[in-house]
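Report on one structure; see the data block that follows.
Number of protein chains: 2
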Amino acid sequence: MTSAELAKCMDTNPVVVRRTMAGLREAGFVSSEKGHGGGWEIACDLQKVTLRDIYDALGSPSLLAIGINLENPECLVEKAVNRSLTGAFADAEALLVKRLAGVTLAALAEEFRATARRHRTRMSR
Amino acid sequence: MTSAELAKCMDTNPVVVRRTMAGLREAGFVSSEKGHGGGWEIACDLQKVTLRDIYDALGSPSLLAIGINLENPECLVEKAVNRSLTGAFADAEALLVKRLAGVTLAALAEEFRATARRHRTRMSR
DNA sequence: TATCACGCATCATCTAATGTTACATGACAC
DNA sequence: GTGTCATGTAACATTAGATGATGCGTGATA
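So the protein lines, in turn, are chains A and B. Numbering-wise, our numbering puts 49 at position 49 of the first sequence, and it's gapless, one number per residue. Numbering-wise, our numbering puts 179 at position 54 of the second sequence, and it's gapless, one number per residue.
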């Protein structure tokens, strides 16, 4: 599929698609071809790649909305909060990453197909 | 303390302090007095109130940076991801809330005092 | 050689959070 | 009572990060 097609599918624009896919390409999960007939193609074993791999390929951004503020290391109140919660944040993030690792792209594809089957059945009623 | 004093302490401004403290006041954790000599005062038992209570008083905002996108319920890919990860997000958030509930304000105050002691010792060397 | 599609730098827009201003209200001191 | 101080709140301004858009270069195909 081309970036333009993908962009239409997810209601965004081609450049944003390229920006995001760039990480996946560097990780080897997709490949891209320039020129006439070019576009994006899956380049990995869906059974082997998990959402954790995708997460890492996209730069492993923080999964938590709040976190430790390290900008004012001299603030004693902040330090007290940090000491009390650093472990909790780390544990929660680790838990999430672990769950991401439990979902392969193949499993997602199967989920998709199952939903699509239900969808078609409902439509044909 | 007045909102202006608190604002100076945390490098923000009085109105933002009032906005935030409003939630804590409604929950009964602090009280405020208008007029001359007014300001904010703690109005709860530090042993009994936890960071979870504070979190709830502030409106229980999402603790996760990413989450389930419910805006396009007809997107089958999105649905597949949601089915696969909803539990993980819920578990991670529950874990965090549990840890917040394990930290009383009294414990935070004690952490603060301990750090302050170390701070003074280092200063006097 | 014309067309198509990605790669990428640059700039524009949008949005949520934060900061600011203004004014009303209540409390205390004199 | 009147001046001062502080909160309560609405309305507006600013900021920062994400997202979107444009332009141009490069490679591939017909």
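All C-beta atoms, glycine included, are put in the ideal place defined by N, C-alpha and C.
- Task: Specify the secondary structure class of V77(A) as computed by DSSP and reduced to three states.
- Result: helix
- Message: Against chain B, does S84(A) count as a neighbour if the rule is that its beta carbon must be under 8 Å from one of theirs?
- Response: yes
- Message: Under DSSP, the alpha helix (DSSP H) around S124(A) begins and ends at which residues?
- Response: 105-124
- Message: Would E5(A) pass as an interface residue toward chain B - the criterion being a Cβ-Cβ separation below 8 Å?
- Response: no
- When burial is assigned at 16 or more other CB atoms within 10 Å of the CB, is K159(B) buried or exposed? exposed
- Task: Grab me the residues of E218(B)'s own chain with a C-beta within less than 7 Å of its C-beta, minus the 5 sequence neighbours each way, in chain order.
- Result: L188, L189
- Task: Determine the DSSP secondary structure at L225(B), reduced to helix, strand or coil.
- Result: helix
- Closer than 7 Å by beta-carbon distance: list the chain B residues that pair up with F112(A), in chain order. L201, V202, A205
- Query: Quick one: Cα of R122(A) to Cα of T115(A), how far?
  - Reply: 11 Å
- By DSSP, does I42(A) sit in helix, in strand, or in coil? strand
- Inter-residue CB distance, R177(B) and A232(B) (contact presumed, cutoff 8 Å): With 8 Å as the limit, R177(B) and A232(B) do not qualify as a contact, their Cβ atoms being about 13 Å apart.
- Message: Residues in the same chain with beta-carbon distance under 7 Å from I42(A), minus the five sequence neighbours each way, listed in chain order, please.
- Response: V30
- In terms of alpha-carbon separation, which member of T104(A), G28(A), G87(A) lies closest to K48(A)? T104(A)
- For T175(B), name the three-state secondary structure that DSSP assigns. strand
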